């Protein structure tokens, strides 16, 4: 999200710079017109100067049409300047408003309204950027696929509104466990994807440990009596030549292995 905000500000800055150039062009016209008027006045006044003993003397007769013409010219120039300044100000306001509105609409189309994280629609574009960066810099990249254990039980036992609450909290926990440079997506239902830039499997293991620590804190806080939040997390490190689908498939298989281990542990504890 931070990168997106910087991108929006950059676009607005570029457009405002163009308007600033229009301001400079406007002032250039004013300066040139002022020079012409000054030169014209000097041309009229200079012949009228003569040097006395202790001072300059001016004898000047200016035709009324010339005075009226100069007055009208100055009035027209001021009107033109005022009009153009108002136009530039209006354009600046419209530009900022339209740019921000466009970017807000784009951001909303990429954001899941319930969890306020990236949605599935944005995954291909965002993942493509991360992969391009990893390929260019030769740095590692890891994808996590996260699934909420026994989420169906939440909807059945507590209702869908409570289920939405759990989804939103799970997304917040994931965001809290990763860096601002990483990306968290709601892939669908109770599944999430996390992309960890500049991170291999060893670093991903540390992130997974933080995720479990966050869920433990959530459970200790007693947010939902009768339900213990648990997340199954699979990790896959990108290798050069892998597609996004291949990376996701690898992470998905790892996630289901972890989920199977959780289910066996739960069954063993229930039978004890």
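Numbering (this note's numbering), first residue to last: 13 to 284. Ideal Cβ positions, reconstructed from N, Cα and C, are used throughout, including at glycine. Treat the numbers as computed from the prediction; the structure is a model and nothing was measured.
Query: Residue range of the unbroken beta strand (DSSP E) whose run includes residue 197; Result: 195–200
Query: C-beta contact flag for residue 132 and residue 175 at 8 Å; Result: no
Query: Which of helix, strand or coil DSSP assigns to residue 155; Result: strand
Query: Status (buried if at least 16 other CB within 10 Å, exposed otherwise) for residue 146; Result: buried
Query: For residue 229, the three-state DSSP class (helix, strand or coil); Result: helix
Query: Short Cβ contact (8 Å threshold) for residue 103 with residue 260; Result: no
Query: Residue 186 and residue 204 closer than 8 Å at C-beta; Result: yes
Query: Whole-number beta carbon distance between residue 152 and residue 212, since they are thought to touch under 8 Å; Result: 4 Å
Query: 8 Å Cβ cutoff met for residue 222 and residue 246; Result: no
Query: C-beta contact flag for residue 129 and residue 197 at 8 Å; Result: yes
Query: Rounded C-alpha distance that separates residue 194 from residue 232; Result: 27 Å
Query: Exposed unless 16 or more other CB atoms sit within 10 angstroms - verdict on residue 122; Result: buried
Query: Where the alpha helix (DSSP H) containing residue 208 begins and where it ends; Result: Where residue 208 is concerned, there is no enclosing alpha helix (DSSP H), although the beta strand (DSSP E) it sits in stretches over 203–209.
Query: Classification of residue 126 by the beta-carbon crowding that lies within 10 angstroms, buried from 16 upward; Result: exposed
Query: For residue 206, the nearest candidate out of 144, 272, 105, 134 (CA to CA); Result: 134
Query: Nearest residue (CA-CA) to residue 141, options 217, 209, 277, 248; Result: 209
Query: Neighbourhood of residue 167 by C-beta distance below 6 Å, restricted to the same chain and skipping five residues each side; Result: 175
Query: Run of the beta strand (DSSP E) containing residue 249, from where it starts to where it stops; Result: 243–249
Query: N-terminal and C-terminal residue of the alpha helix (DSSP H) that residue 147 is part of; Result: 135–149
Query: Close-in-space but distant-in-sequence residues of the same chain around residue 263 (CB under 7 Å, 5 per side omitted); Result: 155, 156, 157, 246, 247, 248
Query: Residue 219 beta carbon less than 8 Å from that of residue 189; Result: yes
Query: Beta-carbon proximity list for residue 274, same chain, < 8 Å, skipping 5 on both sides; Result: 161, 242, 244
Query: Test item: CB-CB of residue 143 and residue 230 under 8 Å; Result: no
Query: Cβ-Cβ separation, residue 159 to residue 202 (assumed contact under 8 Å), whole Å; Result: 6 Å
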